[in-house]
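Per numbering that gives the first Met the number 0: the sequence shown ends with 206, consecutive numbering throughout. Glycine included, every Cβ here is placed at the ideal spot set by N, Cα and C. Below: one structure, written as structure tokens.
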Amino acid sequence: MVTATARGWNRREFMGAAGLVALAFGLPAAAVTLSSLDPATAPTPAQRALFREVSQLVLPRTRTPGAGDVGAGDFVLLALAHGLDGARQPLAQPTPALLPHLRPDGTLDHAAWLEAELNRRAGGRFLRAAGRAGILAALDAEAYAEGRRDHPWRTVKGLILTGYYTTEIGGAQELRYELVPGRWEPDLPATPQTVAYSSDWTAVDFG
0 MVTATARGWN RREFMGAAGL VALAFGLPAA AVTLSSLDPA TAPTPAQRAL FREVSQLVLP
60 RTRTPGAGDV GAGDFVLLAL AHGLDGARQP LAQPTPALLP HLRPDGTLDH AAWLEAELNR
120 RAGGRFLRAA GRAGILAALD AEAYAEGRRD HPWRTVKGLI LTGYYTTEIG GAQELRYELV
180 PGRWEPDLPA TPQTVAYSSD WTAVDFG
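Pasting the structure below:
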């Protein structure tokens with residue numbers, strides 16, 4: 000397990016982050032990889048299929064490929080394994096529904112939790128359910144309900160958005176990318192067709 004420290008990264012964290020960056024920029028997942036994770040904790044083929052579908056539902060294919068198409072599901076699984084966005088921090092007050100999915104160190108196995116939760120809501124295998132979008136929408140509404148701040152779906156969804164918008168497709172096709180921003184223009188026309196610049200980190204909000 001990678002243990003985060005308050006200041007700086009250790010070598011294992013650095014190598015893990017390097018893998019995440021490589022995956023985000025479009026390298027095959029097998030080359031980066033999920034295959035290097037401990038077999039005892041690595042995601043199953045079913046979980047990889049689930050996260051691909053869930054990513055695609057969050058950001059579906061339009062004029063550009065969806066999040067599942069570009070490998071955001073594998074990115075999320077790798078990010079969770081390396082503790083991005085606090086994914087490997089022990090839960091202070093886990094709810095009864097989360098208890099079966101806690102690791103011995105008190106951290107949540109997000110992949111196992113999401114798989115079980117979506118299957119429960121689907122009344123069987125989520126990937127075979129006809130109303131997958133509605134099932135996920137209900138979970139999303141619950142996670143972002145007023146007063147809720149610690150729902151595990153928030154972590155997963157945030158990583159889907161990060162994974163997608165740090166790919167070439169998400170960052171340079173869905174959004175616009177300009178390496179050199181150019182001169183300062185305080186007032187620019189905007190229309191419904193105007194898209195954000197992925198290179199303008201002061202203006203882009205991933206969620």
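With a cut-off of 8 angstroms on the beta carbons, I'd call residue i and residue j a contact; round off their distance for me.
i: Leu158; j: Leu79; result: 7 angstroms
i: Leu138; j: Arg120; result: 7 angstroms
i: Leu77; j: Leu33; result: 6 angstroms
i: Leu56; j: Leu135; result: 5 angstroms
Straight-line CA distance for residue i to residue j?
i: Thr94; j: Ala86; result: 16 angstroms
i: Leu58; j: Ala132; result: 11 angstroms
i: Val69; j: Ser54; result: 10 angstroms
i: Glu220; j: Gly67; result: In the structure displayed, the chain extends from 0 to 206; residue 220 sits before or after that span and is not available.
i: Pro64; j: Ala48; result: 17 angstroms
i: Leu174; j: Thr166; result: 11 angstroms
i: Gly123; j: Glu114; result: 11 angstroms
i: Glu141; j: Gln46; result: 22 angstroms
i: Asp73; j: Thr190; result: 34 angstroms
i: Gly105; j: Tyr176; result: 40 angstroms
Opposite residue i in the DSSP bridges: which residues?
i: Leu107; result: Leu101
i: Arg87; result: Its beta-bridge partners do not exist; DSSP assigns none.
Answer with buried or exposed for residue i, where buried requires no fewer than 16 other C-beta atoms within 10 angstroms of its C-beta.
i: Pro44; result: exposed
i: Thr154; result: buried
i: Gly162; result: buried
i: Val75; result: buried
i: Gly130; result: exposed
i: Glu145; result: exposed
i: Ala30; result: With a pLDDT of 36 at Ala30, under the threshold of 50, the predicted position of this residue should be treated as unreliable, though the coordinate-derived value follows. So Ala30 ends up on the exposed side.
i: Leu98; result: exposed
i: Asp149; result: exposed
In this structure, does DSSP put residue i in helix, strand or coil?
i: Leu22; result: Because the pLDDT of Leu22 is 49, which lies under 50, any placement of that residue in the model is unreliable, and the question is left without a value.
i: Arg147; result: coil
i: Arg175; result: strand
i: Thr32; result: coil
i: Arg127; result: helix
i: Pro38; result: coil
Within the present structure, is the beta-carbon of residue i separated from the nearest heavy atom of the ligand FAD by less than 7 angstroms?
i: Ala121; result: Judged by which ligands are present, the structure shown has none, so any question about the ligand FAD falls away.
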